[in-house]
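In the UniProt record's numbering, the protein residues as written are 1 to 322.
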């Protein structure tokens, strides 16, 4: 299916250590011809996963965005084997694209990816979300949430249309159900700048946005599950501080991820099932922010986390203190 997440993160092998994305990336959260950053992470993870022996599972992917990726060219993934032992497999992946007349390439991302052979646990524990959120069965599908916000006068119809255009990619690939306790759900990801949320009494570092997610179409391969997870984990972390401060993308001169650290805590990720994704921000200073997304399965087990530092520049002659 064209809009299956597995199709969007698919790679084809060009040589033993070189891969290429099977399709062009798309934009999300940006009106410029720039690819959603989750593509580069997901493709790098998928390429690396295709070079490790069976029985090894992703547990971390840490890297830097070195430049925006274009939606007009496919991405090339060059894998370098850094470590291969009985317990660990480590790969360094460079994500590049051709530009200009195609005779030159530019480096978009470099990421270090680790795999681990699952071992018996000495201790088993998992931190819960910061608050109790509604179950996905009690959360509105995105279409119904939008209608509710419009009917309540919190969001304009034109804003909903703009939202679906800018963030349509994520809505096509995943079922999205924002928890009613979530700031992003109450303001439609910050579009309702004047909406008074249920978290107004909290400092910005304690505010949260949370949603339930599920792949719209079945995913079968382990490498596609982890690549799909990496893809959606990247979503809107960079502008989360804006959402939690009654602001939106138009309030910043620049807002984009600089680096990321994805950590996976289970050997078998399954995005065919509903997962709960909670986001919060920790630091904002000196033109940068530091924020985090964490994911749990329906049984309350933390599946993964992703932290990012992002650039957040004010418009000229305009400074906002968070």
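Quick reminder that beta carbons are idealized off the backbone N, C-alpha and C, glycines included.
**Request:** State the DSSP-derived secondary structure class of residue 65, mapped to helix, strand or coil.
**Result:** Looking at residue 65 - three-state DSSP - the assignment turns out to be strand.
**Asked** If you draw a straight line from the alpha carbon of residue 8 to that of residue 181, how long is it in whole angstroms?
**Response** Distance between the alpha carbons of residue 8 and residue 181: 31 angstroms.
**Message:** I want to know whether the region 304-312 touches the region 255-272 - three or more CB-CB distances under 8 angstroms.
**Reply:** A contact exists between the region 304-312 and the region 255-272.
**Prompt:** Any contact of the region 189-200 with the region 227-234, i.e. 3+ C-beta pairs under 8 angstroms?
**Reply:** Touching, no.
**the region 155-169 touching the region 129-139, judged by at least three CB pairs closer than 8 angstroms** = In this structure the region 155-169 does not touch the region 129-139; the number of beta carbon pairs closer than 8 angstroms is below three.
**Prompt:** Bridge partners of residue 19, per DSSP?
**Reply:** Bridge partners of residue 19: 13 and 77.
**Prompt:** residue 278: which of 207, 13, 152 and 93 sits nearest, CA to CA?
**Reply:** Residue 207 holds the alpha-carbon nearest to the alpha-carbon of residue 278 among 207, 13, 152 and 93.
**Asked** Given a threshold of 16 other Cβ atoms within 10 Å of its Cβ, counted over all protein chains shown, does residue 283 qualify as buried or as exposed?
**Response** Exposed: under 16 other Cβ atoms inside 10 Å.
**Request:** Identify every run of the alpha helix (DSSP H) within the region 180-252, keeping only runs that are complete inside it and at least 4 residues long; order them along the chain.
**Result:** Listed in chain order, they are 183-187, 222-233 and 240-243.
**Item:** First and last residue of the uninterrupted alpha helix (DSSP H) at residue 260
**Value:** No alpha helix (DSSP H) contains residue 260, which is instead part of the beta strand (DSSP E) from 259-264.
**Message:** Do residue 178 and residue 276 count as a contact pair if the criterion is CB distance below 8 angstroms?
**Reply:** Between residue 276 and residue 178, the C-beta gap is not smaller than 8 angstroms, which leaves the two residues out of contact.
**Asked** Taking the alpha carbon of residue 116 as the point to measure from, which residue in 10, 202, 248 and 52 has its own alpha carbon closest?
**Response** With distances taken between Cα atoms, residue 116 lies closest to 52.
**Request:** Give the secondary structure of residue 157 by DSSP, where H, G and I count as helix, E and B as strand, and everything else as coil.
**Result:** Looking at residue 157 - three-state DSSP - the assignment turns out to be helix.
**Request:** Use the C-beta contact count for residue 29: other C-beta atoms within 10 angstroms, 16 or more gives buried, fewer gives exposed.
**Result:** That one is buried.
**Prompt:** Can you tell which of 199, 87, 224 and 176 has the C-alpha that lies nearest to the C-alpha of residue 49?
**Reply:** Put simply, of 199, 87, 224 and 176 the residue whose alpha carbon is nearest the alpha carbon of residue 49 is 224.
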